[in-house]
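Peer 1:
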Amino acid sequence: MKFGIMASHQYPHGDDLGRHLNDLFGTVELAAELGYDSVWTINHFQSNLATPQPISMLASLIPRSGDMLLGTGILLLPMFHPVHVAEEFATLDHLSGGRVVLGVGAGYRDNEFAAFGIDPEARFRRFDESLRLIRALWSGEPVTHHGEFYPQTDATIGVRPLTPGGPPIWIGAGGKKAVRRAARLGDAWYAPGNSPSRRFLPEHLAVYNDALAEYGRDPASVQRPVGVELYCAPTTERAVDEALPHARREYSTYAEYPALRWQRDRFDELVRNTLLLGSPEFLIERISALRDLGFDHLIFRPGWLGMPTEQVRASLRLFATEVIPAFRTT
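full-length UniProt numbering numbers the first residue of the sequence shown as 1 and each following residue consecutively.
See the structure below:
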């Protein structure tokens with residue numbers, strides 16, 4: 001099983017962004033030294049938190065990430081032109097030596113669609129067309145594309161990717177139709193592990209597996225990433241005491257957006273069913289359950305708004321020494 005971290009580069013407006021980023025870079029360097037497998041950046045526009053953009057962040061993390069996989073978790077694909085994405089990620093593929101993953105999603109915040117003049121009802125059509133065009137451009141062959149949004153005539157990109165066919169594409173999706181889309185268009189479904197319902201993952205995994213079979217893909221051949229919220233301390237009581245106030249603050253910030261209001265209203269359910277705050281023994285038990293569902297790459301946010309950097313790093317160290325080895329035995 002692999003383990004990765006979200007480079008959670010979201011901060012209160014008015015804070016010293018340079019200090020926050022230096023702390024983050026040091027944390028990513030530590031994660032690389034500790035043997036973590038991947039690091040992921042965040043994408044939002046006109047946010048209620050200061051959020052540096054993910055492609056720039058990925059480029060800055062390449063020399064700081066050892067041999068870790070680097071990806072977007074996630075890029076809001078309808079807000080970008082697919083030619084731009086194809087060129088940028090082909091470039092990142094070279095800069096990283098083939099370590100980059102394009103993680104994408106369709107978006108949910110109304111203010112972001114309004115900022116780009118995009119009809120939210122069209123976001124999935126844009127999403128589908130973008131992915132088809134990106135893959136075609138990554139082939140290196142001239143592309144003529146008669147699309148609804150992004151027509152191209154005899155087009156090629158200036159930099160062909162280092163990885164044949166281009167970097168892997170992981171699709172973040174929560175609804176069942178979107179999960180089927182991930183099976184049809186993506187190399188992996190990047191599953192959201194923060195639903196307040198314990199039924200969410202098993203039910204949506206079944207949808208995904210059925211769709212893979214329908215589209216002629218072997219369910220055993222795909223990677224199985226899942227994103228969670230996690231904090232490790234010597235005891236579960238201490239983990240909850242140290243992490244819960246910061247997690248509550250961050251989720252309250254997300255809940256300012258109408259589509260995520262449930263995260264405030266159902267926060268206690270999130271704590272019981274989703275937030276992995278605990279001792280190494282507690283986390284081994286909970287992660288084993290995810291592994292038994294079939295997930296093979298656990299990606300977690302190592303800290304939340306206002307959490308001191310030394311606590312974030314202490315959690316990463318303890319998790320690396322006491323939890324990861326339980327999932328790395330042969």
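In this text, a Cβ means the ideal position worked out from N, Cα and C, and glycines have one as well.
Can you name the start and end residues of the alpha helix (DSSP H) that L293 belongs to?
Peer 2: First-last of the alpha helix (DSSP H) with L293: P280 to L293.
Peer 1: Return the CA-CA distance between L49 and A155, expressed in angstroms with no decimal places.
Peer 2: So the alpha carbons of these two residues sit roughly 38 angstroms apart.
Peer 1: Going by C-alpha distance, which of R313, G172 and A220 is nearest E242?
Peer 2: Comparing Cα positions, the closest option is R313.
Peer 1: Taking DSSP as the reference, what is the three-state secondary structure of G71?
Peer 2: Correct three-state label for G71: strand.
Peer 1: Would you report the Cα separation of T330 and L305, rounded to the nearest angstrom?
Peer 2: Interpretation of T330 is limited by its pLDDT of 49, a score under 50 that renders its predicted location unreliable; no figure is taken from the coordinates.
Peer 1: Return yes when the Cβ of V222 is within less than 8 angstroms of the Cβ of K176, no when it is not.
Peer 2: Going by C-beta atoms, K176 is not nearer than 8 angstroms to V222.
Peer 1: Alpha carbon to alpha carbon, how far is H44 from R119? Give it in angstroms, no decimals.
Peer 2: The sequence shown places Asp at residue 119, rather than the Arg named in the question. So the two alpha carbons sit approximately 17 angstroms from each other.
Peer 1: Mapping the DSSP letters down to three states, classify L316 as helix, strand or coil.
Peer 2: In the structure shown, L316 sits in a helix (DSSP, three-state: H, G or I).
Peer 1: Under a CB-based cut-off of 8 angstroms, is R132 close to chain C?
Peer 2: The chain labelled as chain C is not found in the depicted structure, where only one protein chain is given.
Peer 1: Hey, out of Q46, V85 and Y231, whose CA is closest to E112's CA?
Peer 2: Of the listed residues, the one whose Cα sits closest to E112 is Q46.
Peer 1: Pair every Cβ in the region 137-155 with every Cβ in the region 98-108, then say whether three or more of these pairs are closer than 8 angstroms.
Peer 2: With the cut-off at 8 angstroms, the region 137-155 and the region 98-108 do not touch.
Peer 1: What span of residues does the alpha helix (DSSP H) with residue 340 cover, start to end?
Peer 2: One cannot answer for residue 340 here, as it falls past the ends of the chain, which runs 1 to 330.
Peer 1: Quick check: the Cα distance between D93 and E237, rounded to an integer number of angstroms?
Peer 2: Cα to Cα, D93 sits roughly 42 angstroms from E237.
Peer 1: Quick one: Cα of A173 to Cα of M1, how far?
Peer 2: C-alpha separation (whole angstroms): 21 angstroms.
Peer 1: Let's test the definition: count the other Cβ atoms within 10 Å of the Cβ of L137 and tell me whether it reaches 16, buried, or not, exposed.
Peer 2: When all chains shown are included, L137 counts as buried.
Peer 1: Which residue wins for smallest C-alpha separation from P142, given the options G303, R160 and L131?
Peer 2: Taking only the C-alpha atoms, the option nearest P142 is R160.
Peer 1: Rounded to whole angstroms, what is the Cα-Cα separation between E322 and R126?
Peer 2: Each residue's alpha carbon lies about 44 angstroms from the other.
Peer 1: Quick one: residues in its chain with C-beta nearer than 6 angstroms to the C-beta of T153, no 5 flanking neighbours on either side, listed in chain order?
Peer 2: Contacts found: T144.
Peer 1: When the distance is taken between beta carbons, is H297 closer than 8 angstroms to G105?
Peer 2: No; because the gap between Cβ atoms is not below 8 angstroms, this pair is not in contact.
Peer 1: Sorted by chain position, which residues of the same chain lie with C-beta nearer than 6 angstroms to F327's C-beta, five sequence neighbours on each side aside?
Peer 2: Excluding sequence neighbours, F327 sits near M1.
Peer 1: Under a three-way DSSP split, which group does T156 fall into?
Peer 2: Three-state DSSP puts T156 in coil, outside helix and strand.
Peer 1: Using DSSP bridges, identify the partner residues of R64.
Peer 2: For R64, which the question treats as bridged, DSSP gives no partner whatsoever.
Peer 1: Go to T41, then tell me how far its beta strand (DSSP E) extends in each direction, as first and last residue.
Peer 2: Note, T41: beta strand (DSSP E), S38 to T41.
Peer 1: In whole angstroms, give me the CA-to-CA distance for L185 and L133.
Peer 2: Looking at the two C-alpha atoms, the distance is approximately 11 angstroms.
Peer 1: So for H81, helix, strand or coil by DSSP?
Peer 2: If DSSP states are grouped into helix, strand and coil, H81 belongs with coil.
Peer 1: Within this structure, are the beta carbons of G294 and L205 separated by less than 8 angstroms?
Peer 2: Taking 8 angstroms as the Cβ cut-off, G294 and L205 qualify as a contacting pair.
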